[in-house]
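Student:
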Amino acid sequence: MVKMAKKYKACLVGCGPMEATINDEVRNRPNSALYLPYSHAAAYKSIEDVELVAVADVIPERVEATKQRYGVVKGYTDYRKMIEVEKPLCCSMEEADAMVEACEKYGVKFNCGTQRRYMPLYRKIWELIKMER
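Dropping the structure here:
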């Protein structure tokens, strides 16, 4: 029996340039193939095992434009029930514990991460590292 790869679901929080449209600005720059896809949405869409299922922004027009651009069905403009941050999360373990406690208390979905690991340059570096092992 063939084991199916797990499909991860992602929600894009923020539909500004870095999250959705910066590829348009950098696509024609020298060596752009080394770092495209650069926007978070484009990076998610380039990963076979990830499905971009929703987008969120406080500006409704950005939500609609990003949904159309990336073929996303769900869009949200109320940020209070979900949080996406990139490192550094905070300045101390005490602050981190307080954030976890608040999220649990109010039922807030929380994610901390960065997406650079899926850029072609980083994938190539990882391949080279694995070859040396």
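In terms of the numbering used here, the sequence shown opens at residue -3 and continues consecutively. Each residue gets a CB set at the ideal place from its N, CA and C atoms; glycine is no exception. Nothing here was measured: the structure is a model prediction, and the numbers come from that model.
(1) Provide the residue span of the alpha helix (DSSP H) that contains residue 19, from first to last.
(2) Counting only the same chain and skipping the five closest in sequence on each side, list residues whose C-beta sits under 7 Å from that of residue 46.
(3) Looking only at its chain, what residues have a beta carbon closer than 8 Å to the beta carbon of residue 59, apart from the 5 residues adjacent to it on each side?
(4) Is residue 113 close to chain C? Criterion is C-beta to C-beta, closer than 9 Å.
(5) By DSSP's criteria, residue 132 is part of a beta bridge. Which residues make up the other side?
(6) Which of the three DSSP states is assigned to residue 87 in this structure?
(7) Measuring straight from C-alpha to C-alpha, what distance separates residue 87 and residue 96?
(8) What distance in whole Å lies between the Cβ atoms of residue 37 and residue 15, which are believed to be in contact at a cut-off of 8 Å?
(9) Excluding sequence positions up to five away, which residues of its chain have a Cβ less than 7 Å from the Cβ of residue 66?
(10) May I ask you to report which of helix, strand or coil DSSP gives residue 102?
(11) How many angstroms separate the CA atom of residue 127 from the CA atom of residue 117?
(12) Measure the Cβ-Cβ separation of residue 133 and residue 19 and say whether it is below 9 Å.
Tutor: The short version:
(1) From DSSP, the alpha helix (DSSP H) with residue 19 extends over 18 to 22.
(2) 4, 6, 40
(3) The answer, listed in chain order, is 11, 51, 52, 53, 71, 72, 73.
(4) Included in the structure is just one protein chain, with no chain C present.
(5) The chain is shown from -3 up to 129; residue 132 falls before or after that span and cannot be answered.
(6) Secondary structure at residue 87: coil, using DSSP grouped into helix, strand and coil.
(7) Each residue's Cα considered, the two are about 14 Å apart.
(8) 6 Å
(9) 37, 41, 48
(10) helix
(11) Per the coordinates, the alpha-carbon of residue 127 lies some 16 Å from the alpha-carbon of residue 117.
(12) There is simply no residue 133 to check, as the chain begins at -3 and stops at 129 in what is shown.
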